[in-house]
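Q: Protein chains in written order, with the numbering used here: chain A, 1 to 328; chain B, 1001 to 1328; chain C, 2001 to 2328. Where is the CB? At the ideal position from N, CA and C, for every residue including glycine. If you scroll down you'll find the structure; I have some questions about it.
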Amino acid sequence: MLPTNIQTDRQGRLRHFLTIDGLSRGLLTEILDIAAGFAGVAAQAVKKVPLCRGKIVTNLFFETSTRTRTTFELAAKRLSADVLNLNISTSSTVKGETLLDTLRNLEAMHVDMFVVRHSDSGAAHFIAQHAAPHISVINAGDGRHAHPTQAMLDMYTIRHHKGDFGRLRVAIVGDVLHSRVARSQIAALNTLGTAEVRVIGPRTLIPSDARELGVHVFHDLTEGIRDVDVIIMLRLQRERMRGAMLPSEQEYFQLFGLTEERLGAAKPDAIVMHPGPINRGVEMDSQVADGPRSVILQQVSFGIAVRMAVIAMTLGAQSGHPGDGLDG
Amino acid sequence: MLPTNIQTDRQGRLRHFLTIDGLSRGLLTEILDIAAGFAGVAAQAVKKVPLCRGKIVTNLFFETSTRTRTTFELAAKRLSADVLNLNISTSSTVKGETLLDTLRNLEAMHVDMFVVRHSDSGAAHFIAQHAAPHISVINAGDGRHAHPTQAMLDMYTIRHHKGDFGRLRVAIVGDVLHSRVARSQIAALNTLGTAEVRVIGPRTLIPSDARELGVHVFHDLTEGIRDVDVIIMLRLQRERMRGAMLPSEQEYFQLFGLTEERLGAAKPDAIVMHPGPINRGVEMDSQVADGPRSVILQQVSFGIAVRMAVIAMTLGAQSGHPGDGLDG
Amino acid sequence: MLPTNIQTDRQGRLRHFLTIDGLSRGLLTEILDIAAGFAGVAAQAVKKVPLCRGKIVTNLFFETSTRTRTTFELAAKRLSADVLNLNISTSSTVKGETLLDTLRNLEAMHVDMFVVRHSDSGAAHFIAQHAAPHISVINAGDGRHAHPTQAMLDMYTIRHHKGDFGRLRVAIVGDVLHSRVARSQIAALNTLGTAEVRVIGPRTLIPSDARELGVHVFHDLTEGIRDVDVIIMLRLQRERMRGAMLPSEQEYFQLFGLTEERLGAAKPDAIVMHPGPINRGVEMDSQVADGPRSVILQQVSFGIAVRMAVIAMTLGAQSGHPGDGLDG
């Protein structure tokens, strides 16, 4: 078990953002509220706020992800921070002294934040535990463990379209077993009091202890999405499909691919989400991906605002009400 | 044929900058005039203007070109824009859905501009046709098709030194057949009313339909540059020289390389241009490249101002007269 | 012999920073004093000063060094300059025309500074000699020749902890023969009037003419560090250890590795320095590296301030007293 209380200070304010686990409903709601304040920045004549001027946000990516790095880079620049992009080969392992020396050196350069992406579960925690007191750490995806900013942008999207979580049925479809995104989504949905959370997938891709996570398990797509308000499709790693766990892409699509026809089982106003990038014809067909119920591109837009919120909060740079900061 | 009218809006203002074809003499002149306003920025104490603050200019390079990327990056930074550099492997082809999904995602992140470099002719048009309404696209070179900002910095250089195009004879020398630069230069020179445009090169490297482009064709260098005001040397791709089209570098230089002696055939005050980087001893010898008639490095300087103009115009960020913006 | 007088203008102000050789004690002290003014910037609410706004600092790295590049990038950003990072393959050699053409092009883009890292000794001098008058050049390490900003951050660290150089004994330990860092440190220590400078290492790794550099030579570690105030450990290039010059890492550590026990020979308040990254268990054990006398991480912090000073001074951007600039 990774410690979760290092995420907040004694006053309960966010210091690091590593995992949804252990964070209160109040804090998750605060993230969403502050993000809502930032969502308007993109509509301003000058799409910047000076909240984090002079701060150095360091993208510490041990695993390549242009897409995720770009969203953090844009969020930081919108906050007027300077960004340092460092791609670090995973040859310097999480536990070796070399990584600690790298961290110590960056700290000595007075950087303010590490945004960490790593293929090892627990890497962001490790770094947060060993970082100097003035450093904030954000987990941008660690192994199969967590991807909390992705989960929060999903929550933002759901709240934007559906309002109160207490009245919602949400289904998560696909390779739940290997997905750090699913793990963080389930934690966030439960913390925010979602009425019912379902996971849907083949037996080989659903964790055996799924029920203990507080979700209902389905192995049939149509049955699983019946009357749901929100459908979250997970991305299928193509590596898995070549392994023993799945017969073929075509067969997967036949059983768990989302089509307009199958979507008929969900509520008429159900929204369809996906963390991207989509494998069209595998997780869903293009009619759904580009259709009227898809909110996939809105997720990307809201992702910038949510990352701005998390960066500003952990840097202690947001003001009492988000509105204040925007005037600065 | 690629559509060209998507470059301007209903009021005739520049929305994208993809090709010289279809643009009016008035618009090309406006680009040069606005660039002239920006040319002074480099001489200011603080070499920046705040015209594009908060804008995100995305360098979307499917083909590596540090040099061209750098000029756009500097131009954008001089305008106070933020720059996002993305190198995208060409494995995601222009027509595949993957590219469109990439574009949609970047648009959802509220970037404002794509500066596109691609080895396929038509790539920038394709992206402009499919981009969201708030996005501007600049072609930074697509296959053999066009390189319009290079052509405009060449026009700027010619106007700076020679004034009215209506009295000028301009010769373009080298591999016209494969050159996107030559294609854009010819279009710009003709639109701006140049008295005579010549192309000079071996038969294998001059397009068979060259005369239809409104140029005079020469296969002898001395004859071709006789009494010209401007000589534009094209860069010879070394790959071509290894192919069947050219016997050897030495032989090419003997026939089409520019020397001080040969330069005697041109007007005494003729200027020599080259898009860079020069293959010294192939397209010209060093005496010419570094000589008093060479304006090659001025082309580079003017290139920053011209790119600033095109970025500001397509973003709708320039003011009525260029002078206004500079005070901001 | 490389010319050194190109580093200063007629008024004795710093134009380039290429080597410690030939610089006066007054100028070195001025660098340290201006750096002291910048050391406080990291403690400000907004860790930036607007001294170099609109300037373009170009990192021209022919040899990869993420660490050094990062410190210059951060220093430039703290001064509000824009940074252009260019990694240039060493295939374009220092003497070839290609490099000169690259320089001319960057100059024509109105960049203001080249920070040069190169595996050839003399590369930064070559570039400074051929650069346009408006360009400043900083040597960020050239071959075995010099690494003057590293030496100055070391001097800063020593002065910070020990004050007047005239009362100090300083020992430099390790592969002095191949070290550009050692060469620059010795020159700086001598110029600043250090009472005694010692070098310590195996015979194969001490230059045969070491005494002519004004240092005392020791081949025994305990003897060499006896009663010194400062111990500077050099980094051992692992390539050397695989060559004929050294038997093995273990044997090197047994003879020249710094341990708490051996440290007993130095003054009780001696400080331990290292340019990083440390090979733990080779140059020193972790007890020393992380112990109370180690100032290794402070060196990194001071390095940002020293690089800010050198950038601001060579750009002519610092004010009469450093304090003034900070208000700007």
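Express the C-alpha separation of A/I56 and A/D82 in angstroms, rounding to a whole number.
A: As a position in the first sequence, residue 82 of chain A is number 82, starting the count at 1. As a position in the first sequence, residue 56 of chain A is number 56, starting the count at 1. For A/D82 and A/I56, the distance between alpha carbons rounds to 5 Å.
Q: May I ask you to verify whether the segment 129-140 of chain A touches the segment 156-168 of chain A, counting CB pairs closer than 8 Å and requiring at least 3?
A: no
Q: Chain A partners of C/I2231, CB-CB under 8 Å?
A: Numbered from 1 along the third sequence, position 231 holds the residue referred to as residue 2231 of chain C. Those do not exist, as C/I2231 stays about 19 Å from chain A at its closest Cβ, beyond 8 Å.
Q: Would you say A/R104 faces chain C, with C-beta separation under 8 Å as the test?
A: Within the first sequence, the letter at position 104 stands for residue 104 of chain A. Interface residue, yes.
Q: Can you pull the chain C neighbours of B/P1277, defined as C-beta to C-beta under 9 Å?
A: Taking the second sequence and counting its residues from 1, the one referred to as residue 1277 of chain B is at position 277. Chain-ordered, the chain C residues with CB closer than 9 Å to the CB of B/P1277 read T2098, D2101, T2102 and N2105.
Q: Measuring CB atoms only, is the segment 2286-2295 of chain C touching the segment 2186-2202 of chain C, in the sense that at least three cross pairs come out at less than 8 Å?
A: no
Q: Three or more C-beta pairs closer than 8 Å, one from the segment 1043-1055 of chain B and one from the segment 1011-1021 of chain B: is that the case here?
A: no
Q: Taking only beta-carbon positions, decide if C/T2066 is within less than 8 Å of chain F.
A: Here chain F cannot be found, since the structure's protein chains are A, B and C.
Q: Mind listing the chain B neighbours of A/V46? Cutoff is C-beta to C-beta under 8 Å, in chain order.
A: Position 46 of the first sequence, counted from the first residue, corresponds to residue 46 of chain A. Per Cβ cutoff of 8 Å: R1053 and G1054.
Q: Would you kindly check if the distance between the Cβ of C/T2068 and the Cβ of C/R2025 is under 8 Å?
A: Walking along the third sequence from the start, residue 2025 of chain C turns up at place 25. Walking along the third sequence from the start, residue 2068 of chain C turns up at place 68. Contact flag unset, no.
Q: Taking 8 Å as the CB-CB cut-off, is A/H110 touching chain C?
A: If you number the first sequence from 1, residue 110 of chain A lands on position 110. At least one chain C Cβ lies under 8 Å of A/H110.
Q: Which of the three DSSP states is assigned to A/G323 in this structure?
A: Numbered from 1 along the first sequence, position 323 holds the residue referred to as residue 323 of chain A. Unreliable positioning characterises A/G323 in this predicted model, as indicated by a pLDDT of 37, which lies under 50. A coordinate reading is not provided.
Q: Could you give the first and the last residue of the continuous alpha helix (DSSP H) run that contains A/R69?
A: Walking along the first sequence from the start, residue 69 of chain A turns up at place 69. A/R69 -> alpha helix (DSSP H) spans T66 to R78.
Q: Counting only C-beta atoms, is A/D82 closer than 8 Å to chain C at any point?
A: For the purposes of this step, residue 82 of chain A is identified with residue 82 of the first sequence, where counting begins at 1. Output row for A/D82: interface = yes.
Q: For the alpha helix (DSSP H) containing B/H1219, name the first residue and the last one.
A: Residue 1219 of chain B sits at position 219 when you count from the first residue of the second sequence. B/H1219 -> no alpha helix (DSSP H), and no H or E assigned at all.
Q: Going by other Cβ atoms of all chains shown within 10 Å of its Cβ, with 16 needed for buried, is A/G87 buried or exposed?
A: Taking the first residue of the first sequence as 1, we reach residue 87 of chain A at position 87. Before going further, note that residue 87 of chain A is Asn rather than Gly in the sequence given. A/N87 should be labelled exposed.
Q: Report the neighbours of B/V997 on chain C: residues whose CB is nearer than 7 Å to its CB, in chain order.
A: One cannot answer for residue 997 of chain B here, as it falls past the ends of chain B, which runs 1001 to 1328.
Q: Got a sec: which bits of the segment 1028-1043 of chain B sit with their beta carbon under 8 Å from any beta carbon on chain C, in order along the chain?
A: A1042
Q: At 3 residues or longer, and completely inside the segment 1144-1207 of chain B: list those beta strand (DSSP E) runs for me, N to C.
A: 1169-1173 and 1196-1200
Q: What residue ranges within the segment 1236-1295 of chain B form continuous alpha helix (DSSP H) runs of no fewer than 4 residues, ordered along the chain?
A: 1238-1242, 1249-1256, 1260-1263 and 1286-1289
Q: Determine the contact status of C/N2059 and B/V1300, defining contact as a CB-CB distance below 8 Å.
A: The sequence position of residue 2059 of chain C within the third sequence is 59, counting from 1. The sequence position of residue 1300 of chain B within the second sequence is 300, counting from 1. No.
Q: State yes or no: is the C-beta of B/H1130 nearer than 7 Å to some heavy atom of the ligand FAD?
A: The model depicted lacks the ligand FAD and carries no ligand whatsoever.
Q: Taking the straight line between their C-alpha atoms, what separation do you get for A/E107 and A/A39?
A: Looking up residue 107 of chain A in the first sequence gives position 107. Looking up residue 39 of chain A in the first sequence gives position 39. Distance between the alpha carbons of A/E107 and A/A39 is about 31 Å.
Q: My assumption, with CB atoms under 8 Å, is that C/M2152 sits in contact with C/S2136. Please give the rounded CB distance.
A: Residue 2152 of chain C sits at position 152 when you count from the first residue of the third sequence. Residue 2136 of chain C sits at position 136 when you count from the first residue of the third sequence. With a beta-carbon spacing of about 16 Å, C/M2152 and C/S2136 fall beyond the 8 Å limit used to define contacts.
Q: Look up B/S1301 in the DSSP assignment and say whether it is helix, strand or coil.
A: On the second sequence, residue 1301 of chain B is found 301 positions in, with the first residue counted as 1. DSSP places B/S1301 in helix when its eight states are reduced to three.
Q: What does C/I2304 touch in chain A if you count any residue whose Cβ is under 9 Å from its own?
A: In the third sequence, the residue the question calls residue 2304 of chain C occupies position 304. What C/I2304 touches in chain A: A108, M109 and H110.
Q: Nearest chain C C-beta to B/E1073 closer than 8 Å, yes or no?
A: Position 73 of the second sequence, counted from the first residue, corresponds to residue 1073 of chain B. True, the Cβ-Cβ gap to chain C drops below 8 Å.
Q: CB-CB under 7 Å to C/L2177, same chain, minus the five flanking residues each way: which ones, in chain order?
A: As a position in the third sequence, residue 2177 of chain C is number 177, starting the count at 1. These residues qualify, in order along the chain: L2205, I2206 and P2207.
Q: Kindly provide the ranges of any alpha helix (DSSP H) runs that are 4 or more residues long and lie completely inside the segment 2019-2063 of chain C, ordered along the chain.
A: 2025-2039
Q: Quick check: what's the CA-CA separation for A/S297 versus A/V215?
A: Locating residue 297 of chain A in the first sequence gives position 297, counting from the first residue. Locating residue 215 of chain A in the first sequence gives position 215, counting from the first residue. The sequence shown places Leu at residue 297 of chain A, not Ser. Approximately 27 Å, taken between the alpha carbons.
Q: Taking 8 Å as the threshold (beta carbon to beta carbon), is B/L1060 in contact with chain A?
A: For the purposes of this step, residue 1060 of chain B is identified with residue 60 of the second sequence, where counting begins at 1. With 8 Å as the cut-off, B/L1060 does not count as an interface residue toward chain A.
Q: Buried or exposed: B/Q1254, going by 16 or more other Cβ atoms within 10 Å of its Cβ?
A: As a first step, residue 1254 of chain B must be located in the second sequence, where it is residue number 254. Per the 10 Å Cβ criterion, exposed.
Q: Kindly say whether B/T1070, judged by its beta-carbon, lies nearer than 8 Å to any beta-carbon of chain C.
A: Stepping through the second sequence from its first residue, residue 1070 of chain B is reached at position 70. Yes, its Cβ sits closer than 8 Å to a Cβ of chain C.
Q: For a contact meaning CB atoms closer than 7 Å, what does B/K1162 contact in chain C?
A: Along the second sequence, read from residue 1 onward, the residue named residue 1162 of chain B stands at position 162. What B/K1162 touches in chain C: nothing, since even the nearest Cβ is about 20 Å away.
Q: Quick one: is C/L2315 near chain B, going by C-beta distance under 8 Å?
A: Numbered from its first residue, the third sequence carries residue 2315 of chain C at position 315. Taking Cβ atoms only, chain B never reaches closer than 8 Å to C/L2315, which makes this a no.
Q: Does the beta-carbon distance from C/H2134 to B/I1304 come in below 8 Å?
A: By one-based count along the third sequence, residue 2134 of chain C stands at place 134. By one-based count along the second sequence, residue 1304 of chain B stands at place 304. Not closer than 8 Å, so no.
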